[in-house]
Amino acid sequence: MSEERYLTFALAKGRLANKTMELFEKIGITCEEMNDKDSRKLIFVNEERKFKFFLSKGPDVPTYVEYGAADIGVAGSDIIMEENRRAYEVLDLGYGKCRMCVCGPQSAKELLKHHEMIRVASKYPNIAKDYFYNKKHQTVDIIKLNGSVELGPIVGLSDVIVDIVETGSTLRENGLEVLEEIAPLSARMIVNQVSMQMQPERIKKLIMELRKVSR
Ligand code: PRP
217 MSEERYLTFA LAKGRLANKT MELFEKIGIT CEEMNDKDSR KLIFVNEERK
267 FKFFLSKGPD VPTYVEYGAA DIGVAGSDII MEENRRAYEV LDLGYGKCRM
317 CVCGPQSAKE LLKHHEMIRV ASKYPNIAKD YFYNKKHQTV DIIKLNGSVE
367 LGPIVGLSDV IVDIVETGST LRENGLEVLE EIAPLSARMI VNQVSMQMQP
417 ERIKKLIMEL RKVSR
């Protein structure tokens with residue numbers, strides 16, 4: 217088995233990557249180097265299983281997987297939905313649970329009800345577009361932001377936002393609330409389509425192992 221090639225994983229860096237490595241530890245796969253907080257290293261290897269892990273910005277994970285630079289990726293379903301890349305979604309890892317919602321001040325509820333032309337600020341323009349255009353059949357003006365999206369309605373940039381709600385405290389502290397729920401979210405594992413065909417046994421074995429411990 218010494219010629220077995222490496223299976224490469226792209227992990228969305230941050231909390232999700234830490235949770236993912238905890239899960240891998242549960243099935244006996246560890247990566248000592250990854251725990252060194254001072255290291256600027258980008259790629260980590262587990263020689264025993266011939267796994268390589270790298271950390272990337274969340275939205276880049278589906279890109280690495282679609283192009284085959286990573287065989288497998290782990291990212292939030294918000295990112296997977298937004299990026300809409302070609303890959304097989306094979307496993308709900310059960311953590312990173314939150315909701316994609318339309319949020320705003322209570323007064324914006326009426327605007328949503330009457331299908332008015334409104335402004336929607338979001339880090340997720342594709343999800344927002346799909347929801348308003350295809351599901352609600354409402355024409356809206358979508359404004360892309362890169363973070364702190366809650367500012368949108370507060371400073372008068374938009375009427376509502378489409379954003380992730382986890383505990384709801386960011387909304388509460390800023391006088392906003394959930395107006396409509398778009399979808400539940402969690403961490404998902406995706407697989408490159410060619411990798412799945414080339415190494416079905418190896419990948420299926422890993423999925424089975426992870427499924428057992430992620431419940
Ligand atoms: C996310 C999201 C909300 C917040 C929700 O922001 O965009 O702002 O977390 O969490 P809560 O319901 O528990 O308050 P993130 O921290 O990723 O930063 P960002 O605003 O820069 O996107």
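When you read off a place in the sequence shown, starting at 1, and then add 216, the result is the number in the working numbering.
Every residue, glycine too, gets a C-beta built ideally from N, C-alpha and C.
- Cβ-Cβ distances below 8 Å link phenylalanine 260 to Cys247, Glu249, Met250, Lys268, Phe269 and Phe270 in the same chain, with the five nearest sequence neighbours on each side left out; the list follows chain order.
- Distance from the CA of arginine 221 to the CA of isoleucine 380, rounded to the nearest whole angstrom, comes to 38 Å.
- The straight-line gap separating the alpha-carbon atoms of isoleucine 295 and glutamine 354 is approximately 23 Å.
- In this structure, the beta-carbon distance from glutamate 382 to arginine 315 falls below 9 Å.
- When the Cα atoms are used, tyrosine 304 and leucine 387 turn out to be separated by approximately 33 Å.
- DSSP places glycine 368 within a helical segment (H, G or I) once states are collapsed to three.
- Counting C-beta atoms within 10 angstroms of its own C-beta, serine 323 has fewer than 16 neighbours from the protein chains shown and is therefore classed as exposed.
- When C-alpha distances from alanine 286 are compared across Ser411, Val429 and Arg418, the shortest belongs to Ser411.
- Going by C-alpha positions, asparagine 262 is about 24 Å away from glycine 292.
- Valine 281 is not bridged by DSSP to any residue.
- Taking C-beta atoms as the reference points, isoleucine 419 and valine 281 fail to come closer than 9 Å.
- For arginine 404, there is no enclosing alpha helix (DSSP H); the residue is part of the beta strand (DSSP E) that begins and ends at 403-407.
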